[in-house]
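Have a look at the structure below before the remarks.
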């Protein structure tokens with residue numbers, strides 16, 4: 143069974159490929175853009191902009207197989223509405239940033255929402271992609287079925303590469319059924335106690351699908367059957383309920399008041415089980431990700447920091463890894479015309 147978004151699909155693949163091929167021929171550089179909802183991550187230093195915002199539409203949706211294929215410019219909000227009508231969802235719950243987020247942008251950046259540790263990241267859901275490489279060639283990798291692995295899984299390389307390996311035309315992803323019910327539990331506590339609880343709960347068989355500590359409050363979302371939710375609330379010992387149904391969406395989209403203003407913003411990746419006890423942080427993902435309004439943050443042992451305000455490139459700390467990254471980049475985009483400067487390819 144295939145479902146499409148009527149009246150909103152447009153196939154610009156040939157025009158996109160022609161634009162890249164022309165830039166390859168004359169040596170011009172291109173910044174790949176949708177609706178620029180993620181410009182706070184940094185912007186490419188290019189001579190021209192290649193917009194994929196008009197390349198839209200759901201190509202195929204097979205509800206019985208839990209698979210969706212869509213073009214890169216398709217708004218995530220449209221996909222969410224389609225999936226809602228079938229009681230399905232994208233497992234990685236990508237940020238939508240006020241409705242401006244696109245399907246291709248979610249794949250290109252690899253950004254996932256609050257359920258990331260429990261439902262998996264973007265790479266875990268991508269089954270296949272079609273891209274235009276830096277020479278203007280259309281290439282397909284993977285497919286649209288769960289068991290489809292042959293050779294190198296290039297679709298996972300493209301996911302999170304910020305468009306530096308190719309312009310994403312479309313992608314196929316696996317879906318999940320929506321849970322019967324969800325409930326957010328709330329507990330007042332300090333950051334040290336929240337950390338101890340989270341490190342303990344990760345070993346318990348509980349239906350947790352999101353956590354967040356900020357401003358002296360620990361919130362825990364539990365999802366599943368109503369009886370399982372009631373049992374989890376009792377086991378966690380968190381009697382308070384959060385009446386705000388939009389809390390997780392606002393954290394996901396950086397629309398929560400904690401993210402307001404122009405103060406420096408840093409994202410910290412924390413190895414699982416490592417304490418992180420900054421009470422001025424917003425801490426999510428079961429204690430594995432934190433946000434700080436600070437421009438001078440030391441990463442925890444084994445972790446790393448990325449600055450978002452001001453937007454700085456992600457660090458590449460391993461010289462051997464940087465060399466492999468450069469070799470992959472050279473294979474897909476030999477002249478370096480796609481999103482130059484957006485993701486560093488050296489250890490500097």
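In our numbering, the protein residues as written are 143 to 490.
We treat Cβ as the ideally placed atom computed from N, Cα and C, and that holds for glycine.
- Counting only residues of its own chain and dropping the five nearest sequence neighbours on each side, residue 304 has a CB closer than 7 angstroms to the CB of 250, 251, 481, 484, 485.
- Here residue 429 carries a helix assignment [DSSP, helix/strand/coil].
- Within the stretch 338–394, the runs of beta strand (DSSP E) at least 3 residues long that lie entirely inside it are, in chain order, 350–356, 359–366.
- Around residue 417, the same chain offers 337 as residues with beta carbons nearer than 7 angstroms, after the five sequence neighbours per side are excluded.
- Of the residues 282, 280, 170, 302, the one whose Cα lies closest to the Cα of residue 267 is 302.
- Per DSSP, residue 336 has no beta-bridge partner at all.
- Pairing residue 400 with residue 424 gives a Cβ-Cβ distance under 8 angstroms.
- Going by beta carbons, residue 224 and residue 317 fall outside the 8 angstroms limit.
- Judged by DSSP secondary structure, residue 449 falls within the beta strand (DSSP E) whose first and last residues are 446–451.
- Residue pairing for residue 272: DSSP places it in a beta bridge opposite 282, 312.
- Using a Cβ-Cβ distance cut-off of 8 angstroms, the stretch 405–416 and the stretch 433–448 are in contact, since at least three pairs of beta carbons, one from each stretch, lie closer than that value.
- Below 8 angstroms, too few C-beta pairs join the stretch 325–339 and the stretch 201–212 to call them touching: fewer than three.
- Residue 431 has its alpha-carbon roughly 10 angstroms from the corresponding atom of residue 446.
- Inter-residue distance for residue 395 and residue 313 is about 22 angstroms (C-alpha atoms, whole angstroms).
- DSSP links residue 203 through a beta bridge to 210.
- In its chain, beyond the 5 residues on either side, 323, 324, 325, 349, 364, 365 have a beta carbon closer than 8 angstroms to the beta carbon of residue 371.
- With contacts defined by Cβ atoms closer than 8 angstroms, residue 151 and residue 199 form a contacting pair.
- Taking every protein chain shown into account, the CB of residue 227 has fewer than 16 other CB atoms within 10 angstroms, so this residue is exposed.
- The alpha-carbon separation between residue 374 and residue 477 amounts to approximately 54 angstroms.
- Looking only at 427, 203, 237, the smallest Cα-Cα distance to residue 361 is reached by 427.
- Between residue 479 and residue 246, the C-beta spacing is not below 8 angstroms.
- Contact check for residue 188 against residue 173 passes: the beta carbons are separated by less than 8 angstroms.
- Rounded to the nearest angstrom, the gap between the Cα atoms of residue 444 and residue 467 is 20 angstroms.
- Contact check for residue 390 against residue 256 passes: the beta carbons are separated by less than 8 angstroms.
- With 16 or more other Cβ atoms from the protein chains shown falling within 10 Å of its own Cβ, residue 235 counts as buried.
- Taking residue 310 as reference, the option from 220, 219, 175, 341 with the minimal CA-CA separation is 175.
- The shortest CA-to-CA distance from residue 190 to any of 178, 165, 201 is the one to 165.
- With distances taken between CA atoms, residue 193 lies nearest to 244 out of 167, 220, 221, 244.
- For residue 193, the enclosing beta strand (DSSP E) has its first and last residue at 190–193.
- Each of 344, 178, 231, 307 was checked against the Cα of residue 242, and the nearest Cα belongs to 178.
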